[in-house]
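**Student:**
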Amino acid sequence: MLPLGRYGRRSSNVVDLSHSRLKSLHGGVQRHAVVNCVNVPVSSAPTSVEEVATRPGLHLTHTPTEVFSTFPMAQIDVSDDRPALYNLCLTSRLLRDVAQPVLFSHFDVPSPDKSDRKNAVHLLPPKRRLVLFSKTALQRSDLASRTKSMDLDFGSPQDNGIGGHILPEDTALFSRMAKEIFPYAPDWTERTRRRGFCALLPLIFCRLPNLHSLVFVPPTDASSYILVPRGQLTKDDVCSILPSLREVDIDSYGYGYNVPPELEDFGLFLCLPTLHHFRIDTFICTAWYRYIDNYLLPAPRTWLLSEVYLRNCTFMDAKNLTNFLAAFSKLKKFQFSAADLGDDLVDYEDYFTPAELKDALERQVSSLEVLDIGLADVKYAADVEEDDSAEFASNYLDTGSLGRFEHLIQLSIDALRLGATANLPPNIIQLIIRDVHGTRSLSEYHILRRYMNDLLNLDKTCPHIQYVFIQALKSNDILRIGEAHKATYHKDAKGRSILSFPNLPYKLYVCFVTFNDFGLPMYRELDDQIPEILASED
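Every number in my numbering is 218 more than the matching position in the sequence shown, counting from 1.
(1) So, for L539: in the same chain, excluding its five sequence neighbours on each side, which residues have a beta-carbon less than 6 Å away from its beta-carbon?
(2) Can you tell which of V435, A711, T679 and I646 has the C-alpha that lies nearest to the C-alpha of F687?
(3) How far does the alpha helix (DSSP H) with V731 in it extend, from its first residue to its last?
(4) Looking at the unbroken beta strand (DSSP E) that takes in D778, where does it start and where does it end?
(5) If you draw a straight line from the C-alpha of A417 to the C-alpha of Y669, how long is it?
(6) Pairs of beta-carbons, one from the stretch 547-563 and one from the stretch 684-702, closer than 8 Å: are there three or more?
(7) Since Y724 and Y685 should fall inside the 8 Å C-beta cutoff, what is the C-beta to C-beta distance between them, to a whole number of angstroms?
(8) For A263 and H324, what's the separation of their Cα atoms in angstroms?
(9) Whether or not the stretch 590-598 and the stretch 630-638 are in contact is what I'm after, with contact meaning three or more pairs of Cβ atoms, one per stretch, closer than 8 Å; do they touch?
(10) Leaving aside the five residues before and after G637 along the sequence, list all residues of the same chain whose C-beta is less than 6 Å from its C-beta, in chain order.
(11) What first and last residue would you give for the beta strand (DSSP E) that runs through F501?
(12) Does DSSP classify Y402 as helix, strand or coil?
(13) Judging by CA-CA distance, which residue of S584, A599 and N541 is the nearest neighbour of L575?
(14) Spatial neighbours of A568 within its chain, please: CB distance less than 7 Å, with the 5 preceding and 5 following residues excluded, ordered by chain position.
(15) Taking the alpha-carbon of D483 as reference, which of K366, L350, I468 and I683 has the nearest alpha-carbon?
(16) Suppose you measure from the CA of S431 to the CA of L463; what does that come to, to the nearest Å?
(17) Helix, strand or coil, according to DSSP, for R425 in the structure here?
(18) Could you please give the first and the last residue of the uninterrupted beta strand (DSSP E) stretch that includes N675?
(19) So, with DSSP's three-state summary, where would you put Y669?
(20) Can you check which of these residues, T500, W506, E465 and A711, is closest to G485 by C-alpha distance?
(21) So, D371 versus P328, is the Cβ gap smaller than 8 Å?
(22) Would you tell me roughly how many angstroms separate the C-alpha atoms of L429 and N671, rounded to the nearest one?
(23) Go ahead and label F496 buried or exposed: buried means 16 or more other beta carbons lie within 10 angstroms of its beta carbon, across all protein chains shown.
(24) Three or more C-beta pairs closer than 8 Å, one from the stretch 398-414 and one from the stretch 304-317: is that the case here?
(25) Would you kindly work out how many angstroms separate the C-alpha atoms of P259 and S718, rounded to a whole number?
(26) Judging by CA-CA distance, which residue of S310, L543, F533 and T532 is the nearest neighbour of E525?
(27) Short of 7 Å in beta carbon distance, which residues of its chain neighbour K345, apart from the five on each side in sequence? Order them along the chain.
(28) Less than 8 Å between the CB atoms is what I'm expecting for I498 and R529, so what's the real figure, rounded?
(29) Thinking C-alpha only, which one of T407, P461, V596 and E398 is nearest L559?
(30) Excluding the 5 residues preceding and the 5 following V466 in the sequence, name in chain order all residues of the same chain whose CB lies nearer than 6 Å to its CB.
(31) Bridge partners of D360, per DSSP?
(32) Using the C-alpha atoms, what's the distance from A545 back to K353?
(33) The alpha helix (DSSP H) spanning D695 covers which residue range?
(34) Go through its chain and collect everything with a Cβ distance to R425's Cβ below 8 Å, but skip five positions before and after it.
(35) By Cβ distance, which residues of its chain are closer than 7 Å to I422, with the 5 residues on each side in sequence left out?
(36) What I want to know is whether the C-beta of P739 ends up closer than 7 Å to one or more non-hydrogen atoms of the ligand FMN.
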């Protein structure tokens, strides 16, 4: 990262911009808000790329114009250097032509609560920034072609209305372009009335041929979160609009108690032959089987999709799950986690079972390498034996044997959904067992003890095993297990307790659950903790 600084010209002895009023990129006069400039002698300016890269404390805006012709601008971290690049655009036309393409490589619309109001980049409201970016993308194909990634947060607390942000002259441009690009679509005014700012997205995407990565937080208004209205575009249309898209991340965290979006509303992304990674967080899937024939079958011959992450799913039955996974044949990574809807069994009626998930993955047997199954929060009626309640269930459905998945090297699974270590795939390298505390009718000590003998001898049945991580609540019972096997107890840099078993041919850790300020267990923190443990060994 190159830190924020000031640009010094060679053509004069010193440059003082501390009180200058500069014309902004969009024609308005604006005070230089971020760079606090002072007089800097020309002799202190670097004269080569090597000096720019090696001189300690060098600021990006200290660099002479001549150096930028050979400067590796593409290596600049846009997120960290955005204020400096923004100020370069305000300094001169020459520097604007150098910095502007770099600025366009990544565009983000943060929600108001995430915007840094002290940052000149965020002086404009996020929606107005989106309008200006859209206009530039439609009018400047050279800059639009530079855009590689976008992060669009339309979620709570930001609404999706366009009032006050799209001016009459903007409407004229967008309306004209919409008629050219989508001649059979509804009138532009009608589209914005129905879909708000989401109506802009298809227009933008049509002008971003090199867009590789998209992060999208849809608005909580269920009538307007659809990126492209169903029935208006064919699979070929979508492929031509987004010819280079490789990664899509959908975060619907703002929905709260509202009904989350349907998975099929974003299914158009999945028909892209260039797509490599797809993740959606917080969704529902009730009608995928009606959608798949129109868009995903037959699958593209050149399909690159290898990573699918479905998180916090409110509902998905076996039929929808099977039809969804049937579209893929080369998945290497798959994650599924269910949302916690409480203890009412009715809320989970017809939810697919762990065994049905294993069966639905049958087409991925020859390719799947990483599998994460998070079904600890699902309460199946079959879990509850006579005289049990959902809260105190004693019999849990599990996956059954995963022995056919010979390429599976990393498995994350809830303790009681695995059932037994005999169900593990034969070539497993890393095993993560979550939620050992998942039942109250059996003590945690007995659950862990049931696994421990097998886990301490896991190399006998899984000869390639290197790492085992177990998540559990901290208790004297578990500490006694560790003491009996000469385990060491310590805390990591964030104060989280870990029990390590050093006298094994592989690494085994018990990671104790931490709690947030409200006293609730932070189960998913294990996902961040494991990379830190592995990094500490290097």
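All residues carry an ideal CB built from backbone N, CA and C; glycine is no exception.
**Tutor:** On the basis of the data shown:
(1) F570 and A578
(2) I646
(3) From DSSP, V731 is part of no alpha helix (DSSP H); its letter is neither H nor E.
(4) Residue 778 lies beyond the stretch modelled for the chain, which goes from 219 to 756, so this question has no answer here.
(5) 53 Å
(6) no
(7) 7 Å
(8) The predicted model places A263 with a pLDDT of 48, which falls under 50 and marks its position as unreliable, so this point remains unresolved.
(9) yes
(10) D616
(11) H495 to C503
(12) coil
(13) N541
(14) Note that residue 568 is Asp in the sequence shown here, rather than Ala. Around D568: D535.
(15) I468
(16) 6 Å
(17) coil
(18) Looking at the DSSP string, N675 is not in any beta strand (DSSP E), and its letter there is neither H nor E.
(19) helix
(20) W506
(21) yes
(22) 51 Å
(23) buried
(24) no
(25) For P259, the pLDDT reaches just 40, beneath the cut-off of 50, and the residue's location in the model is therefore unreliable, leaving the point undetermined.
(26) L543
(27) H383 and F415
(28) 7 Å
(29) V596
(30) L432, F487 and F496
(31) Looking at the DSSP assignment, D360 forms no beta bridge with any residue, so it has no partner.
(32) 37 Å
(33) N694 to A702
(34) A355, L356, S359 and A362
(35) S352 and A355
(36) The model on display carries no ligand, and the ligand FMN is accordingly not part of it.
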